[in-house]
Amino acid sequence: MVIFMVPNPPEEPPVIVVGAGPVGMTATAMLARARVPVVLIESEPVPKTDWRASTFHAATLELLERVGVTGQMVAEGLPVPRYQFRDRRDGLVAEFDLTLLKDETRYPYRLQLNQQHLVRMLHERLRDDDSVRMMFGSRVTGVAGTPRGASVTVESPGGPLTVHGSHVIGADGASSVVRQSLGVAFDGYTHAERFLIASTTADLAGLLPGIADVNYVADPLEWLFLLRTPESWRAVWPVPAGVPAERATAPETLQAQLQGLAPCPGGYPIVDAQLYNVHQRVAASFRTGRVLLIGDAAHINSPLGGVGLNSGIHDAIDLTTRLVRVRAGEAAEDPELDTFAEIRRRVAVEYVQADTRRNTERLNETDEERRAANRAEMRATAADPERARAWLRRASLLESVRRFGIGTPPEEYARRTGGSSDPRREDPVAG
Ligand SMILES: Cc1cc2nc3c(=O)[nH]c(=O)nc-3n(C[C@H](O)[C@H](O)[C@H](O)COP(=O)(O)OP(=O)(O)OC[C@H]3O[C@@H](n4cnc5c(N)ncnc54)[C@H](O)[C@@H]3O)c2cc1C
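In terms of my numbering, the sequence shown has 3 at position 17, counting the first letter as 1, and numbering is strictly consecutive.
Spelled out as structure tokens, the structure:
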């Protein structure tokens, strides 16, 4: 076994980031900006071209300014100020207007942009950065605490390695080897139905007049989620348990589904189709000594609401803000990392899990009385500017960021929670 260290002064061990997805890349960019040495380890040979997330919310665009990437994202993305809740039977239910948030944020819209572009932009910025050592095509197989930090074992193209660092950040996605190697529980549940995403270059707005660029469509039999990205339109629908993946993704099935939505003479040009298992799970702890979990490694949820990646980016910026302070000798390690673990787990449970679960239940509600009540509530919320603003602040994650801050020092967090860091206490700042 080879022992590997980055060529930095020995007194400066690197932070090891496992996973070069959008969350690991953001963590790496934050550390590199503060000149903290980083080893970034990714199992794929090149940055992934992943189509999953396509929505960036206001709070995330504000935070990504810290790594200097928001301007490019906005230039390449599609700003969407209005989105709709619809019903397959009743049509338009309510439209929400994010410009209601224009006095609170520089980004009063959802930015539609596929997550692979954030990975590309950050990779381009980091690949020549001498603080960062990138190891693509290298799979982490285990993690361990050491007397001076933490280490990972790696299967690299050159053979097995052990990489030592001050801290390990597990940003290695839902099946995180880092989390599993620590034995941290990932409780929750997996939806019986899977979600199919079909992307088409057909102009859905022309075929379905009146729709917005983002639309949640409720239906007791088959809900639908329609959204536009710069490259294509995407339609997302549920695939019942028991339907084989090959049948769900067969070209004739995809055509039939889309033609059922709106006839497209000549057929829909389909550029991508993926079937995903969907879960609601949160890691029991986001910290084990000097090993920290962020992004999908720490929490996963239904994509309805588009907050999974967004909250993962918030984890990355919160954690690395603290690590920079600790490494600079400006803050004590344990309170900082405990506060990260507490705040970010609390946001995952109270906001991300709660809201995505509610969004998913609302779309596939089968009880007619509850469906009618849901529609009435959405209409009333959208019609009242104060209620609509509160709804949008929460949906865009501005509320959780304003409430807890990002990288909030432990003393400040304790002050906000009334002198206790117990997450069960009422938070007076919440209002
Ligand atoms: C259908 C769908 C739509 C979605 N839409 C949205 C949306 O609009 N907005 C939103 O906020 N979220 C959305 N999400 C969620 C979003 O895609 C994820 O939250 C996001 O990809 C998480 O990023 P990550 O970097 O934590 O993990 P990942 O993107 O999974 O990246 C993990 C990286 O780690 C690497 N890796 C894994 N194991 C190892 C290992 N052992 N060693 C080294 N490297 C490893 C992987 O190759 C990968 O590159 C959606 C999810 C789905 C399924």
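C-beta: ideal position from N, C-alpha, C; glycine also.
Contact between A269 and L279 holds, with the beta-carbon distance rounding to 5 Å and staying under 8 Å. Collapsing the DSSP output to three states places A340 in a helix. According to the DSSP secondary-structure assignment, H285 is paired through a beta bridge with V268.
Bridge pairing for M121: I27 [DSSP].
Residues of the same chain with a CB within less than 7 Å of the CB of L378, apart from the 5 flanking positions on each side, are F82, L84, L86 and L87 in chain order. V257 sits away from T306, with the two beta carbons spaced by 8 Å or more.
Ranked by how close their Cα comes to the Cα of R19, the residues R106, Q339 and L309 have L309 in first place. Judged by their CB atoms, I197 and L190 are nearer to each other than the 8 Å cut-off.
Closest in C-alpha terms to F272, from the list A283, Q266, Y262 and V225, comes A283. In the structure shown, the three-state DSSP call for N263 is coil.
Taking every protein chain shown into account, the CB of R134 has fewer than 16 other CB atoms within 10 angstroms, so this residue is exposed.
Between S288 and A44, the C-beta spacing is not below 8 Å. Of the heavy atoms belonging to ligand 1, at least one sits nearer than 7 Å to the Cβ of E30. For L207, the shortest separation between its Cβ and any heavy atom of ligand 1 does not lie below 7 Å.
By the Cβ neighbour-count rule, E398 is exposed, with fewer than 16 other Cβ atoms within 10 Å of its own. According to the DSSP secondary-structure assignment, I2 is paired through a beta bridge with V25 and V154. Non-local beta-carbon contacts of S167 in its own chain, meaning distances under 7 Å to residues more than five positions away in sequence, involve G128 and V129 in chain order. DSSP places P146 within a strand segment (E or B) once states are collapsed to three. The Cβ atoms of L17 and V1 sit closer than 8 Å to each other. Counted as a single uninterrupted DSSP element, the stretch harbouring R311 is not any beta strand (DSSP E) but the alpha helix (DSSP H) occupying residues G294 to R313. Distances taken from the Cβ of V293 to the heavy atoms of ligand 1 include one shorter than 7 Å. If you draw a straight line from the Cα of Y254 to the Cα of V66, it comes to about 24 Å.
Annotated three-state conformation of V55 is coil, per DSSP. Straight-line spacing of the CA atoms in V22 and R52 works out to 15 Å. Under the three-state reduction of DSSP, Y399 is assigned to helix. For the pair Q245 and W219, the Cα-to-Cα distance works out to about 14 Å. Exposure of R75 is indicated by the presence of fewer than 16 other C-beta atoms within 10 angstroms of its C-beta.
DSSP places V164 in the helix class (H, G or I) of the three-state scheme. Its Cα nearest to that of E232, the residue Y262 stands out among Y262, A204 and L99. Between S40 and T215 a beta carbon distance of about 5 Å is seen, short of the 8 Å cut, so the two are scored as contacting. By a beta-carbon distance limit of 8 Å, D199 contacts L64. Their separation comes to about 7 Å. In terms of CA proximity to P33, F122 leads the group D89, F122, R72 and Y93. For ligand 1, no non-hydrogen atom lies closer than 7 Å to the CB of S142. For D83, the pairing in a beta bridge is given by DSSP as R68. Here V335 is exposed. Its C-beta has fewer than 16 other C-beta atoms within 10 Å. Unbroken alpha helix (DSSP H) stretches of 4 residues or longer found wholly inside the segment 327 to 383: 340 to 349, 354 to 369 and 371 to 381, given in chain order.
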